[in-house]
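To start, the structure itself, in structure tokens.
2 protein chains.
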Amino acid sequence: MNVMQNAEGKESSATRSAYVSLREMILTGKLAAGEKLKIEQLRTMLDTGASPVREALSLLTSDMLVERLDQRGFRAAPANLANFQEILGLRCALEDMALRKSIARANSEWEEQLVLVHHRMKRAGSQNDIPVFEAAHKAFHMALLSNADSPILIRYCGQLYDLNIRYRYLAAAGTDYRKRDVGAEHDEILDAAVRGDADEASSALINHYRLTGEYLTVPLSEL
Amino acid sequence: MNVMQNAEGKESSATRSAYVSLREMILTGKLAAGEKLKIEQLRTMLDTGASPVREALSLLTSDMLVERLDQRGFRAAPANLANFQEILGLRCALEDMALRKSIARANSEWEEQLVLVHHRMKRAGSQNDIPVFEAAHKAFHMALLSNADSPILIRYCGQLYDLNIRYRYLAAAGTDYRKRDVGAEHDEILDAAVRGDADEASSALINHYRLTGEYLTVPLSEL
DNA sequence: TTGTCAATGAATATCGATATTTTTTGATGC
DNA sequence: GCATCAAAAAATATCGATATTCATTGACAA
Numbered sequence: 000m001n002v003m004q005n006a007e008g009k010e011s012s013a014t015r016s017a018y019v020s021l022r023e024m025i026l027t028g029k030l031a032a033g034e035k036l037k038i039e040q041l042r043t044m045l046d047t048g049a050s051p052v053r054e055a056l057s058l059l060t061s062d063m064l065v066e067r068l069d070q071r072g073f074r075a076a077p078a079n080l081a082n083f084q085e086i087l088g089l090r091c092a093l094e095d096m097a098l099r100k101s102i103a104r105a106n107s108e109w110e111e112q113l114v115l116v117h118h119r120m121k122r123a124g125s126q127n128d129i130p131v132f133e134a135a136h137k138a139f140h141m142a143l144l145s146n147a148d149s150p151i152l153i154r155y156c157g158q159l160y161d162l163n164i165r166y167r168y169l170a171a172a173g174t175d176y177r178k179r180d181v182g183a184e185h186d187e188i189l190d191a192a193v194r195g196d197a198d199e200a201s202s203a204l205i206n207h208y209r210l211t212g213e214y215l216t217v218p219l220s221e222l
Numbered sequence: 000m001n002v003m004q005n006a007e008g009k010e011s012s013a014t015r016s017a018y019v020s021l022r023e024m025i026l027t028g029k030l031a032a033g034e035k036l037k038i039e040q041l042r043t044m045l046d047t048g049a050s051p052v053r054e055a056l057s058l059l060t061s062d063m064l065v066e067r068l069d070q071r072g073f074r075a076a077p078a079n080l081a082n083f084q085e086i087l088g089l090r091c092a093l094e095d096m097a098l099r100k101s102i103a104r105a106n107s108e109w110e111e112q113l114v115l116v117h118h119r120m121k122r123a124g125s126q127n128d129i130p131v132f133e134a135a136h137k138a139f140h141m142a143l144l145s146n147a148d149s150p151i152l153i154r155y156c157g158q159l160y161d162l163n164i165r166y167r168y169l170a171a172a173g174t175d176y177r178k179r180d181v182g183a184e185h186d187e188i189l190d191a192a193v194r195g196d197a198d199e200a201s202s203a204l205i206n207h208y209r210l211t212g213e214y215l216t217v218p219l220s221e222l
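The listed protein sequences correspond, in order, to chains A and B.
Letter by letter, the first sequence follows residues 0 to 222 of numbering that gives the first Met the number 0.
Letter by letter, the second sequence follows residues 0 to 222 of numbering that gives the first Met the number 0.
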């Protein structure tokens, strides 16, 4: 008894379950930015012991989603406009680096992977399945960088991606994407990447981020 | 009873003590790269309970000094030449960014801080007090970046600095610094930074790293 | 009023024991 | 010999209880 299972039915530890759940709750804002995270409260919430909760929170520290205050427990990482803008700027710089490295090492296998992941994202988008689209969207962006042969850089980009997601949820109420054709932006990035045009791909990617940034800055300025 | 104390006599938690000790042991190679980290072994080694050890190891995951294998415990992060070269390259890119931002926002307070920290480093160097010099050296390099107003970038640079230190220890046996005048390299960086010459400061800094990289690559190529 | 301090309540951190999982060992059959 | 699989051993992961620390409250004195 007491064996945890993940989505695919594979067994998983209580710590990992807690990690995944807490991560989700922080990213989507179910646990608010800056909020104190009490062990007991989370323990009952997730129906598990204190040890897995503490360990999961310690792990979330890596992702900059949780802060650890010595002898004073944990809290969800605070959110504010300056932090958002820093994340946006770093993403542009680091993903530019990673994308250029990826393109410099381009091969047909990577290009095929890109096309595939892009197709899945489009399909999920047309079916209006938000959670699936979100996963596919991240997969697409990470696939663009995946060929850079630089695990640490990829790790940083992934972290920043998630931190950015969080602000999307924070600003969700005031956001209006209607004036944007996000699909076209993605197409442009994909085309340039497959074509091997690093400058074009990078500027399309950065443009994609800057636009998102502008959309989010207004609602976030109230933080 | 059972109150932990840190160097300054201030109280500290068992988890923090374990974190600091384990970090030190991994950075200096007392715990070898790739080595399995058994809880029981560390528990007796640090004379503390299993919970603080586990939590400390989870925290060290943030720093990429420890890997967590689900249901299979922890291990010290592996080390190899490719990893070292990635770290070196990323340091050059990220510290270049941070240094330029720092210089762009230069003010007299920051410049004074630089001069002060540089002085302390020189003094420690002339006194041949290795541990103090190491701390002062890190303080100098971080001070160069500290004015960038970009906490996440600083965090990344600090992580990469520590990861790099680890390779210095790994390669220590075969390293020979005699042909280098590291002090002069530092002076050059400081001068350019205080002068506000970003291009000069950045190239001096990168040169400093590249030289270190060359010195270390030979002994590390046996890994 | 304001500041200090002790007492109380709440939450964190840690321990020791146990359940669970992985790894090793060794017996068995091919 | 070599693969397979069950039992034993080792290590991890988790629980429940307790010790420790932090936060709050209210009395008392300046």
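Built from N, CA and C at the ideal position, the CB exists for glycine as well.
Please read all numbers here as calculations on a predicted model, not as lab measurements.
| Check | Outcome |
| --- | --- |
| Would you call the CB atoms of residue 66 (chain B) and residue 74 (chain B) closer than 7 Å? | yes |
| Is it true that the CB of residue 219 (chain A) sits closer than 7 Å to the CB of residue 170 (chain A)? | yes |
| Measuring CA to CA, which of A:180, A:101, A:162 is closest to residue 81 (chain A)? | A:162 |
| Do residue 197 (chain B) and residue 99 (chain B) have their C-beta atoms closer together than 7 Å? | yes |
| Compile a chain-ordered list of the residues in the region 26–44 of chain B whose CB is closer than 7 Å to at least one CB of chain A. | none |
| What does the alpha-carbon distance come out to for the pair residue 118 (chain A) and residue 87 (chain B)? | 36 Å |
| In the structure shown, what three-state DSSP assignment does residue 12 (chain A) receive? | coil |
| Shorter than 7 Å from the beta carbon of residue 84 (chain B) to some beta carbon of chain A? | no |
| Only counting the same chain, and skipping five residues up and downstream in sequence, which positions put a Cβ closer than 7 Å to that of residue 164 (chain A)? | 26 |
| As a quick exercise: from B:58, B:71, B:48, pick the residue whose alpha carbon is nearest that of residue 13 (chain B). | B:48 |
| Whole angstroms is fine: what's the gap from residue 192 (chain A)'s alpha carbon to residue 209 (chain B)'s? | 31 Å |
| Using the C-alpha atoms, what's the distance from residue 46 (chain B) back to residue 1 (chain B)? | Legend: pLDDT at residue 1 (chain B) = 44, less than 50; position of this residue unreliable, value from coordinates given subsequently. The alpha-carbon atoms of residue 1 (chain B) and residue 46 (chain B) are separated by roughly 12 Å. |
| Since residue 75 (chain A) is in the beta strand (DSSP E), which residue starts that stretch and which ends it? | 73–75 |
| Grab me the residues of residue 109 (chain A)'s own chain with a C-beta within less than 6 Å of its C-beta, minus the 5 sequence neighbours each way, in chain order. | 146 |
| Provide the residue(s) that pair with residue 35 (chain B) in DSSP beta bridges, ordered along the chain. | B:74 |
| Going along chain A in order, which residues have a C-beta closer than 7 Å to the C-beta of residue 54 (chain B)? | 53, 54, 57 |
| Of all the CB atoms in chain A, is at least one closer than 7 Å to the CB of residue 300 (chain B)? | This structure gives no information on residue 300 (chain B), because the portion of chain B shown stretches from 0 to 222. |
| Please say whether residue 123 (chain B) and residue 132 (chain B) have beta carbons closer to each other than 7 Å? | yes |
| What residue from B:160, B:168, B:103, B:120 has the CA that sits closest to residue 148 (chain B)'s CA? | B:103 |
| Would residue 74 (chain A) count as contacting chain B if we go by Cβ distances under 7 Å? | no |
| Let me check you understand the geometry: is the CB of residue 97 (chain A) closer than 6 Å to at least one non-hydrogen atom of the ligand ATP? | Summarising the ligand content, the structure contains no ligands, and the ligand ATP is consequently not present. |
| Which chain A residues are close to residue 15 (chain B), counting only those with a beta carbon under 7 Å from its beta carbon? | 69 |
| For residue 120 (chain B), which residues from the same chain have a beta carbon less than 8 Å from its beta carbon, with the 5 sequence-adjacent residues on both sides left out? | 132, 135, 136, 138, 139, 185 |
| Strictly below 9 Å CB to CB, what residues from chain A border residue 96 (chain B)? | 89, 92 |
| CA-CA distance, residue 105 (chain B) and residue 206 (chain A)? | 29 Å |
| Note down, in chain order, each residue of its chain lying with its Cβ closer than 8 Å to the Cβ of residue 39 (chain A), except the 5 sequence neighbours on either side. | 49 |
| By DSSP, does residue 67 (chain A) sit in helix, in strand, or in coil? | strand |
| Between residue 16 (chain A) and residue 127 (chain A), what straight-line distance do the alpha-carbon atoms span, to the nearest angstrom? | 27 Å |
| Is there a C-beta anywhere in chain A that falls below 7 Å from the one on residue 60 (chain B)? | yes |
| The alpha helix (DSSP H) with residue 163 (chain A) in it runs from where to where? | 150–169 |
| In three-state terms, what does DSSP make of residue 105 (chain A)? | coil |
| Using a Cβ cut-off of 7 Å (strictly closer), state whether residue 201 (chain A) contacts chain B. | no |
| In the DSSP assignment, find the unbroken alpha helix (DSSP H) run with residue 190 (chain A) in it and report its ends. | 181–194 |
| Whose C-beta lies closer than 7 Å to the C-beta of residue 89 (chain B) among residues of the same chain, with five residues either side of it excluded? | 159 |
| For a contact meaning CB atoms closer than 9 Å, what does residue 107 (chain B) contact in chain A? | Those within 9 Å of residue 107 (chain B) in chain A number zero; the least Cβ separation is about 24 Å. |
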